[in-house]
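Everything in the sequence shown is counted per our numbering, starting at 53 for the first residue and increasing by one.
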Amino acid sequence: FEQVRPQLTEDLGGDPDTVFAQLDHVPMAAASLAQAHRAVLHDGTEVVLKVRRPGIRDVVEADLRLLSHLAVIVEKQFPELVRYRPVETIHEFATSLRREMDFAAECRNAERVANNFQGHSAIVVPRVYWQWTSERLNVQQRLVGIPGRDLAAVDAAGLDRVQLARTGAGLILKMVLEDGFFHADPHPGNIFYMPDGAIGVIDFGMVGHVSEQRRFQIVQLLHGLVVQDARAVTDVLIDWTGDSPDVDDGALQEALDRFVDHYRGVPLRDLRMGRMLGDVASLLREHGLTLPPDLALMIKTFLTLEGMGRQLDPGFDMAGVAR
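Put into structure tokens, the structure is as follows:
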């Protein structure tokens, strides 16, 4: 705490121990970019301070420069790897990481999601206290619920695991398919199960954007996979990856026919949607094609979400919820 105190004092405009009625010097959580501290406002409200680690930006920027140089070397010296777009991939990664280091942007993301869910009681997004929030610090309402990893506490509280899984999937699918703006890191550490069955969501540093056209294509793709329409699946994937003179369209179509046929007759509840999309990405790579970065982030999100859903409910049917 003594290492972050000078930065906190500068960002708060005063001594942290007087700005707040109570401030826990021992972090409640710590990660690579930040650490979090419990605090209490003078009106008794419980909050959490997310403090960016002093000096971390310089460390990250140095690492990103090294990665960028490495990507350029890879593209020059290994032509067969150019199709994986190393330079573009590192650029996307750098953009995402820099966004994550801006805690004020994270709070704007949180408020955008909250606005998209106005009138929905199934999600709780913590309130932001803007008077103390900046690029290096955010102060948000502390959510008092059951941490996403504590399934024993979920059972002890009498919460319905099956319904929680469906609720969580419904929230993310609404973000992706209806709003086009989604929380891209819905792992158990960012989730709380509230006493009324709602789901609390924190840490909006990593978000994804999906255009209206892309959303329509995602629906076409998922529908094609579910009803085993290989032609529809191929049409969407060719749109995504673009025309390439190096691609054998006949061989790609044949591979996709086999892929879709693999799922023929599989009941909807047994489909693993995240894994299925991951398999699509692998199949494209085998044919020299790569998915656009925004779709890779969406697939990662679906994989995380589906894994968490099955922890809650082994019979979790994400494909059914998506349909």
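Just so you know, even glycine gets a beta-carbon here, dropped at the ideal spot from N, CA and C.
Here the structure is a predicted model, which means the values were calculated and not measured.
- Of Gly197, Leu277, Ala174, the smallest CA-CA separation from arginine 375 is found for Leu277.
- Here leucine 349 is near glycine 260, since their CB atoms are less than 8 Å apart.
- In the DSSP assignment, valine 100 falls within the unbroken beta strand (DSSP E) covering 98-104.
- The beta carbon of proline 238 sits closer than 8 Å to the beta carbons of Gly220, Ile224, Val253, Thr353, Thr356, Leu357, Met360 from its chain, once the five residues preceding and following it are set aside; these are given in chain order.
- Comparing alpha-carbon positions, the option among Leu323, Gly210, Met258 lying closest to asparagine 161 turns out to be Met258.
- A direct Cα-Cα distance of roughly 32 Å separates glutamate 264 from methionine 246.
- Looking at the DSSP output, isoleucine 108 sits in no beta bridge, so it has no partner there.
- Asparagine 167 counts as exposed, since fewer than 16 other beta carbons sit within 10 angstroms of its beta carbon.
- Here alanine 81 carries a strand assignment [DSSP, helix/strand/coil].
- Distance check between glutamate 140 and each of Glu152, Arg151, Val126 places Val126 closest, using alpha-carbon atoms only.
- Straight-line spacing of the CA atoms in asparagine 242 and glycine 302 works out to 44 Å.
- According to DSSP, arginine 90 shares a beta bridge with Val100.
- Excluding the 5 residues flanking it on each side, glycine 197 has same chain C-beta neighbours closer than 6 Å at Phe244, Tyr245, Met246, Gly252, in chain order.
- In summary, valine 111 is exposed, with fewer than 16 beta-carbon neighbours lying within 10 Å of its beta-carbon over all protein chains present.
- Boundaries of the beta strand (DSSP E) harbouring valine 259: 259-261, taken from the DSSP string.
- Within the same chain, Cβ atoms closer than 8 Å to the Cβ of valine 206 are found at Ile198, Arg213, Leu216, Tyr245, Leu364, the five residues on either side in sequence being excluded.
- In this chain, the alpha helix (DSSP H) harbouring isoleucine 270 covers 264-278.
- In this structure, DSSP gives valine 139 a helical state, which the three-state scheme calls helix.
- Restricting attention to Gly107, Glu113, Arg267, Pro68, the CA atom closest to the CA of phenylalanine 145 is found in Glu113.
- For proline 68, the number of other beta carbons within 10 angstroms of its own is at least 16, and it is reported as buried.
- If you check the CB distance, arginine 104 and arginine 194 do not come in under 8 Å.
- From the listed residues Thr286, Phe311, Leu273, the smallest Cα separation to isoleucine 351 is found for Leu273.
- For the segment 210-261, the full-length alpha helix (DSSP H) segments reaching 4 residues or more read 213-225 along the chain.
- Leucine 93 and valine 99 do touch by the CB rule: their CB atoms are close to 6 Å apart, below 8 Å.
- Apart from sequence neighbours up to five positions away, the residues of its chain that approach glycine 96 with a beta-carbon distance below 8 Å are Ala73, ordered along the chain.
- In the three-state DSSP reduction, leucine 75 falls in the strand class (E or B).
- Ranking Val180, Asp313, Asp287, Arg267 by CA distance to the CA of glutamine 280 puts Asp313 first.
- Here the C-alpha atom of arginine 57 lies approximately 12 Å from the C-alpha atom of glutamine 87.
- In the three-state scheme derived from DSSP, where H, G and I count as helix and E and B as strand, valine 180 is classed as strand.
- Under DSSP, leucine 189 forms a beta bridge with Val103.
- Residue pairing of proline 199 in beta bridges, as defined by DSSP: Phe244.
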